[in-house]
Amino acid sequence: NVDVHWFDTAVTVEKLRIARRGEAPLLEGASVEIDIDVLELLNNRVIVDYIELDGTDIDITRADGSHNLAQLISDILQQFSVSDAEFVQDDPNAAGGNAWYVDVLHIRLQEFAVSFDDLNDERQSERLIDLEQLDLEDLIIDLESSVVTLRNLHLETIESSIWRDRDGLIDLEILVNDILAETTGDQNDATEETSTTESPWAIRVEQFYLKDYVLNFNDVSQERPVALSLGPMTLEMSEFSTTNENNASLSLQTETPNGGMVAVSGAFSISPLNADLDISVSEFDLSLLQPYIDKSTWVEIRSGDLSVNGNVAMDLNQFDDPEVGFLGTASVVDLEMIDRRDDSLIAGHETLDLSGIDFSLREGRIGANSVLLDQSRLVLSISPEGKFSLLDLARVSREELEARGEQAKEIGQEFRFSVTEMAVRDGVFTFSDRSLTTPFAMDILIDSVDVANFDSSKGLDRASARINFGRAGTSEFDLETLDTVMTADYSVSGLPMANVSGYVAAFTGYEMASGTFNLDGHFELSQRQLSVDNSILAQQVKVGAQVRNEDTIPLPLAVSLLSDLNGDMSLDLPVSGSLDDPNFNVVGLTAEVFTQAIFSAVTSPLSMLGAIVGRSDLDLIEFAPGSSELSEETISRLTALAGALESKSELILRITPTSHSILDSRVLAPEIVEAEQGSVSIAQAYEDLTGLSAGSLSESLENIDDASKTARAVELIVQRSDDLQVALTELADARAQRVRETLINDLSVPAERIQVINAVRTSAPGLTVRLEVDVITQ
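The opening residue of the sequence shown carries number 1175 in the working numbering; numbering runs sequentially from there.
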């Protein structure tokens, strides 16, 4: 229906239907009203008083790689043979040329909807836009200035949907690409040209108001499909322009899924691209991010709410030196992360508060005035196969994980991190290790951790920690930096040895049955030179079962020898070195010093026992040659040895019957001395003592020089004389029995605590014979 007057023309269309011939309609059911001021056409001015579309449904259907809207646009362009040259604007300054001016005073859309049905995809038809009402007041198109101005745009009760398919393509992207492909014949070239050609047109929006807007987002490209709704949203914007004339003001408020809120207000501009915005995020549900981390990890964010308040300043006009800055606060509450394979807890906390956040991309700065972590929980473990739980949570290859780690390290090195105050309160760290022969599991309760003035480029001023192991001891740590010297004192008190039995067994081959572990330590770091002093006190230590037969450290004997009369064992383990030395390792060197202390004890057991009774000569159980009688000095030593054994009830004295091949033989066989002195021939002594012919001796001495023949002949006499061998053995046994009887009968050492083993003969030089004694554990 067209109503024409001399001053205006009104056009009304009912039940408008647009479709390609023989196909389903693209647009159907719309009512259109247009009111045009005719007189203004004479002045190259198009003044439209009113445009209204009511009940409009646009149905876009895609099949065989394109959709009906793109095909319709292509048909129209081909029908009218529109070329690029026809779009060139006449020069308004040319003779008779005037630029056109278009002003639409009011546009209204009511009950407007756009649907999209992709027949190439298994998804159902979706509503891209469902609009209840749009009012646009004063749309001005100035062809001379190439400016489009919207005085006032008001949208109310609008719902839109975005769909991302399995290939990661968004539906709007598909629609635009199809149009470009249909109209240009080459989607890639058209896209590149569109993206690289700067538009000469400027767009201004003086007032924009959006109310009750809901955005539905669906993403089936992830392992777990995403279906979220954002809104209702309210957006107000004024003085927006695509040129650099002024900054636009912005105010946005929207609900986020699961009860959160986002508010943004401030100023921004497109050219140059910058912004100064106040941002408030309240109770944003972090579990919404879960589908986008599924491919990389088994970690699942079961709960957690993020809140952020602050100011964001951006200057992206210089792409080679962009600036993004943030000043404000942030918090995460009620965080819980689990392993979604078995629903076991990984980490979580009640509160994480960060205040005074200062971030600058351009300056490479990340700082905070204070960080508070309260009621935290962390669970780590090592599997029976020795796999660390954190690494097991990754769903990418080890190579990719290492590459990402290196990338993160490089990015981190570009930033300076600083925290003025950091505190951890009431945390629990649960650690278990099932790779040990005795599995380890412990809850470490973090009462407090405090850090003051940390700077990644300078270090920190102070730090302290207070940790307890439930009923199983405590630990303290205090660190301070003065000038360039960092010092720290730390301690562990009352830690049950049974709790760490598995690690002791892995190191020594023995488990720990009981006892408590105490440590007092101090370290000093100056000019990258580190010195560490650790003092260990193990109280009432009892060694448990042996878990392997090879590569063991004789821990039972060492513990017994190193323990004092109260059953306490003290060790000092000093370590020092340069941090610039790639071979310097504090833990490794401390373990080495500890091992040396253990072996020093077990290789000189009687020296360790002597320290208890103030004697350093308990191993000097000496006899005169050929004699089994005890001297007064030897009895004194045995008395001290008995006293030491009394304080070490777990030790057994082991006696090795000993005789001296030469010294004792000279007494047992005087002929040897006579031969050595030349009063009788060596050959005669050989025949008398061995019963062998002198010829066999001559054969044995053929290749011996004259100076050594006598000494060698004596050795042969001792070796080949059966009577002398028996006498030496009997003498060795007599000495051992004499010592044993003295310890048992005179010094009250229990008989079961003394062992006599096989006799030996020595050839060590000296004027006395030393009986071999040592100790072992029961």
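C-beta atoms are modelled at their ideal positions from N, C-alpha and C, and glycine is treated no differently.
C-beta contact flag for residue i and residue j at 9 Å
i     : j     : result
E1724 : G1676 : no
E1992 : D1386 : In this structure the chain extends from 1175 to 1952, so residue 1992 is not present and cannot be described.
I1540 : G1502 : no
I1210 : V1222 : yes
E1876 : A1859 : no
L1526 : S1544 : no
V1947 : D1793 : yes
E1457 : M1435 : yes
L1804 : R1927 : no
L1735 : V1949 : yes
L1960 : F1768 : This structure leaves residue 1960 out entirely; the chain is present only between 1175 and 1952.
E1333 : I1377 : no
V1602 : L1619 : yes
Strand pairing of residue i, partner residues [DSSP]
i     : result
Y1664 : F1651 and G1695
F1458 : L1480
R1944 : E1796
D1754 : According to DSSP, which records beta bridges pairwise, D1754 is partnered with nothing at all.
S1423 : S1412 and A1441
Y1466 : Y1466 is not bridged to any residue.
L1565 : L1565 pairs with nothing; no bridge assigned.
G1586 : For G1586, which the question treats as bridged, DSSP gives no partner whatsoever.
Best match in the options for proximity to residue i [C-alpha to C-alpha]
i     : options                       : result
D1513 : A1906, Q1492 and Q1464        : Q1464
V1394 : R1927, D1339 and A1441        : D1339
S1423 : T1430, S1412 and V1776        : S1412
K1632 : T1611, L1656 and A1646        : L1656
T1183 : I1208, R1191 and L1763        : I1208
K1561 : S1606, Q1549, K1583 and R1578 : S1606
L1384 : L1402, L1426, D1617 and F1391 : L1426
T1690 : G1668, Y1466, V1678 and S1833 : G1668
A1798 : V1486, L1863 and T1808        : T1808
V1455 : A1437, V1220 and L1704        : A1437
N1627 : E1429, I1931 and E1595        : E1595
D1897 : N1673, V1570, S1839 and R1909 : S1839
T1813 : T1764, E1861, E1889 and D1920 : D1920
L1783 : A1582, N1392 and A1816        : A1816
I1710 : N1673, L1739, T1764 and R1909 : T1764
E1474 : L1490, Q1492, V1482 and E1510 : E1510
S1638 : S1630, S1665, D1617 and N1390 : S1665
F1697 : N1673, A1687 and F1651        : F1651
7 Å Cβ shell around residue i - same chain, five flanking residues per side excluded
i     : result
A1925 : I1918
I1856 : A1849, T1884 and A1887
V1854 : E1845 and E1848
T1612 : S1675, G1676, A1679 and E1685
S1752 : R1702, Q1703 and F1758
Sequence-distant residues of the same chain with beta carbon closer than 6 Å to residue i, five excluded per side
i     : result
R1944 : E1796
L1731 : V1776 and T1951
D1258 : With a pLDDT of only 42 at D1258, under the threshold of 50, the placement of this residue in the model should not be trusted, and no figure is reported.
L1327 : L1310 and F1382
D1450 : G1440, A1441 and A1487
E1380 : R1325
I1314 : D1277 and T1323
T1726 : G1683
F1614 : D1607 and G1676
E1573 : none
T1648 : N1642 and S1667
S1555 : S1563 and S1606
L1699 : M1660
CB-CB length for residue i against residue j, believed under 8 Å
i     : j     : result
G1478 : L1460 : 4 Å
L1653 : R1636 : 7 Å
V1553 : L1519 : 5 Å
L1863 : S1895 : 5 Å
R1590 : G1538 : 6 Å
Same chain only: Cβ atoms within 8 Å of residue i, ignoring 5 sequence neighbours per side
i     : result
Q1263 : Residue confidence for Q1263 is low, a pLDDT of 45 falling below 50, so the modelled location carries little weight and cannot support an answer.
A1597 : S1544, V1545, L1546, L1547, S1622, V1623, D1624 and V1625
L1535 : P1496, E1497, V1498 and G1499
V1841 : P1799, G1800 and S1801
N1932 : T1830 and P1831
A1268 : Low confidence applies here, because A1268 scores a pLDDT of 46, under 50, leaving its location unreliable; read the following figure in that light. No residues qualify anywhere along the chain.
Residue i at chain D interface by Cβ criterion, 9 Å
i     : result
R1551 : This model lacks chain D altogether, as it is built from one protein chain only.
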